[in-house]
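Chains as they are written, first to last, in our numbering: chain A, 121 to 370; chain B, 299 to 958.
Okay, here's the thing in structure tokens:
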């Protein structure tokens, strides 16, 4: 697997260029800066992942290339969500490594675990995976949107996905943030939740962006041993990490 | 200028030499800032158990200890990163006025939420006092807060307070003299700290609170840069914002989250040290009650119960009082005067049909005042238990249908209190569409508390069913108007709805009495002269024949279209001056049998919709611009005639058969 990483970096950039409706070789060249390597382009060409047009001045992804790039972007952004929201902390470097080493299945597992997030912490859309499309029927998540709690249930917030900083500050001011317990009091005519003794009425839109840990008694994501213990139905972290070990050939 | 202020002024003049200490009261919404303000200064501003009670900054001078202070009351503030315009006023005030002392009001029930603001205030480095309000409630819930530990951690005085019962105010007064800069040890990490000092060094020389301003710049506060531009010029600030933008790009992550996380960590550490929770505690009745009030099934009967109770109180208690007053006080005076004065002109002027005593003074004192005092007692009770905000939850779906999704709901609910205040409360709305609809609907068919009280008084004379019909019609009109506006005004942005609901608490009878007293006092002060002048004007119009001419001109509309007796024109004219005056006249007409069942309903509906009161029009112009505001007022008046006419015809053809 020589130069796999570099190739994937190129595909990633081409994906971003495509979403900005750019296809010129110069843009790619600029984006890569001094790391630009025409060998990689050749290799991508030979694997039929990209196409060159107009006298080699334009470069676009082929169908296969697009699928490939989509997977990488998805892994990258899912990883950001995981590292950033759940584990907390600097996520960029971690996510960059992550995207080249995981399989789509693992990404899907994490995606299920996180309740199918739609945006990365930068606010960029996360491409949907297969798991997202069938989620409604099958997934038994550990992290679910607050809207899926029963009235009267409490849960601890895993992460809050905000539309913008303004909303983040607003929710933060009300102490609606990761780690805090909330209780769902009412769904109709308006959502009412209890958070740190205060009762707050809010839109469904916001409530559905608050994600909570479902099984809160025996589930502690920070401690190693908790991670090793398989959780009921073989879902969640246990499965996720077993999966990782298997892939590594352990 | 109320008496308290005069007294204060007097006291100030005697010790004018000492510099004035500026004390600013801030805190989250509904944490008792105004209550503390009232208690400290001896003045009175309306306090209630819901957010948005205070919308304007209020300041006064008074003497605390042996120091002259300027005490400033402010609207609610969540943190120094600003969410809305009304919060911006408070931050600008803090930044521009450089207060000597900040009193942060904290509702002990919401200590954690308040600490976010505390963190911000400590970072400013202004001497501070923390007033920990409603401490009795937390204790009852089995939550113990160690206020001395809190004081030790922050390095500022923390005073326990039960503001509603005036307990702890002396201690607070003393603490103001001991206010100190607090301890704030939180650092955001090396990289961010370096950037902060970078920005700090680039800020204009004379700016206050450099560190906090830098942090806010870094967080990309939506209002700050614009504000700085206004003061320091476009050029200078442009460089700065460019630098900040570069930094924000360089930081590959979400700065807001990183900074908030640090702050939250600090909040967690603090609360862990100062809060002790009992493992088991009493289930609170108030909690159960609050839940029932918002419940889609139980909430509506509870609302109906409150309306019915108010209705019965107004109709029977106020009616009885009014009758007694008329018999015992008014009638003897009238007959005494009629006997005393022989001249017909003066007799008419004083006690005739448009007499300044009969129509002016007595209507105000006996008819309106009795109704309002009973109503305000009940309304004050509902306000203070914290019921009003729960209506937001109940009515949310209806408002959604008419284009009001988020923040507009609370102002509309507030409209049932005072339409002027509610109009001012729309200031926080960013979406033009929502603001337009909200301001329009508040002015249109929502009755303010005084109107509601008096309509109850009028319709109570002919039966509860009439009350239901009239208000049912108003609700329909309101929803219809909202629906139409929603269809015609196009807009993209949708605000989101986050509303804290106040703790339900048993109010103190004393504070309700005081509130009612002030409301009535303000009513008399403002309205009594208007009542008298308006009736004098009517008397003049009558004597000069202008009134008859007007009646003739309006006759096709009033008699032909609205099916009302022509004398209702008197009421419409009074309506221009003051709604209550018109209503009192209507009551007289009902008593005299001049209005039938349908006419009564139509009259109430039209006076509710017709001409929002003068203060409301001013507020509309202030919020929407003079042109739009006036245009709205005109549209509302025209449509009120049209709609009242339609209602009248519908009623005649439907229930007219049975009741006429």
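In this text, a Cβ means the ideal position worked out from N, Cα and C, and glycines have one as well.
{"Item": "Could you check the C-alpha separation between residue 130 of chain A and residue 244 of chain A for me, to the nearest Å?", "Value": "18 Å"}
{"Item": "Name the DSSP bridge partner or partners of residue 456 of chain B?", "Value": "B:428"}
{"Item": "Can you check whether the CB of residue 628 of chain B is closer than 9 Å to the CB of residue 656 of chain B?", "Value": "yes"}
{"Item": "With 9 Å set as the bound, which would you pick, yes or no: does the beta-carbon of residue 492 of chain B sit closer than that to a beta-carbon of chain A?", "Value": "no"}
{"Item": "Report all residues from its chain with a CB closer than 6 Å to the CB of residue 514 of chain B; omit the five preceding and five following residues, and keep chain order.", "Value": "522"}
{"Item": "Any beta-carbon of chain A closer than 9 Å to the one on residue 592 of chain B?", "Value": "yes"}
{"Item": "Give the residues of chain A in contact with residue 695 of chain B, contact being defined as C-beta atoms less than 7 Å apart.", "Value": "309"}
{"Item": "Between residue 757 of chain B and the rest of its own chain, which residues show a CB-CB distance below 8 Å, the 5 nearest in sequence each way excluded?", "Value": "764, 765, 768, 898, 899 and 902"}
{"Item": "By Cβ distance, which residues of its chain are closer than 7 Å to residue 821 of chain B, with the 5 residues on each side in sequence left out?", "Value": "670"}
{"Item": "If distances are taken between C-alpha atoms only, which option among B:794, B:867 and B:559 comes closest to residue 292 of chain A?", "Value": "B:559"}
{"Item": "Return helix, strand or coil for residue 952 of chain B, following the three-state DSSP convention.", "Value": "coil"}
{"Item": "Provide the residue(s) that pair with residue 369 of chain B in DSSP beta bridges, ordered along the chain.", "Value": "B:321 and B:358"}
{"Item": "Since residue 465 of chain B sits in a beta bridge, which residues does DSSP pair it with?", "Value": "B:460"}
{"Item": "Counting only C-beta atoms, is residue 599 of chain B closer than 9 Å to chain A at any point?", "Value": "no"}
{"Item": "Using C-beta distances below 6 Å, list every residue in its chain close to residue 281 of chain A, excluding the 5 sequence neighbours before and after it, in chain order.", "Value": "329"}
{"Item": "Apply the 10 Å Cβ neighbour rule to residue 1015 of chain B and answer buried if 16 or more other Cβ atoms are within range, or exposed otherwise.", "Value": "Since the displayed chain B opens at 299 and closes at 958, residue 1015 of chain B lies outside it and no answer follows."}
{"Item": "Quick check: the Cα distance between residue 937 of chain B and residue 905 of chain B, rounded to an integer number of angstroms?", "Value": "12 Å"}
{"Item": "Is there contact between the stretch 439-447 of chain B and the stretch 486-503 of chain B, where contact requires at least three CB pairs shorter than 8 Å?", "Value": "no"}
{"Item": "So is residue 651 of chain B in contact with chain A if we call contact Cβ pairs under 9 Å?", "Value": "no"}
{"Item": "Are the C-beta of residue 389 of chain A and some C-beta of chain B separated by less than 9 Å?", "Value": "Because chain A in this structure spans residues 121 to 370, residue 389 of chain A falls outside the shown range and cannot be described."}
{"Item": "Helix, strand or coil: how does DSSP classify residue 236 of chain A here?", "Value": "coil"}
{"Item": "What's the C-alpha gap between residue 545 of chain B and residue 917 of chain B?", "Value": "42 Å"}
{"Item": "Using 8 Å for Cβ pairs, my map puts residue 784 of chain B next to residue 726 of chain B. What's the rounded Cβ distance?", "Value": "So it is not a contact: roughly 20 Å between Cβ atoms."}
{"Item": "Could you list which residues in chain B have their beta carbon closer than 7 Å to that of residue 317 of chain A, in chain order?", "Value": "407 and 408"}
{"Item": "Determine whether the beta carbon atoms of residue 685 of chain B and residue 591 of chain B lie at a separation below 9 Å.", "Value": "yes"}
{"Item": "Which residues in chain A have a C-beta closer than 9 Å to the C-beta of residue 558 of chain B? List them in chain order.", "Value": "288, 289, 292 and 297"}
{"Item": "Tell me which residues share the same chain as residue 561 of chain B and place their Cβ nearer than 8 Å to its Cβ, disregarding the 5 neighbours each side in the sequence.", "Value": "414, 417 and 484"}
{"Item": "At 8 Å on the CB atoms, spell out the chain A contacts of residue 554 of chain B, in chain order.", "Value": "285, 288 and 289"}
{"Item": "Taking 9 Å as the CB-CB cut-off, is residue 402 of chain B touching chain A?", "Value": "no"}
{"Item": "Less than 9 Å between CB atoms is the rule here; does residue 263 of chain A satisfy it with respect to chain B?", "Value": "no"}
{"Item": "Locate the alpha helix (DSSP H) running through residue 319 of chain A, then write down its first and last residues.", "Value": "Careful: residue 319 of chain A lies outside any alpha helix (DSSP H), inside the beta strand (DSSP E) at 318-322."}
{"Item": "Taking only beta carbons into account, state which residues of the stretch 317-332 of chain A come closer than 8 Å to chain B, listed in chain order.", "Value": "317, 318, 319, 320, 321, 322, 323, 325 and 326"}
{"Item": "Under 9 Å between C-beta atoms, does residue 306 of chain A make it to chain B?", "Value": "yes"}
{"Item": "Given that a residue counts as buried once 16 or more other Cβ atoms are within 10 Å of its Cβ, and exposed if not, what is residue 337 of chain A?", "Value": "In this predicted model, residue 337 of chain A has a pLDDT of only 42, less than 50, meaning its place in the structure is not dependable enough to derive any value."}
{"Item": "For a test of the three-state rule: what should DSSP assign to residue 571 of chain B, helix, strand or coil?", "Value": "helix"}
{"Item": "What are the boundary residues of the alpha helix (DSSP H) that residue 403 of chain B is part of?", "Value": "Residue 403 of chain B -> not in any alpha helix (DSSP H); beta strand (DSSP E) instead, spanning 399-405."}
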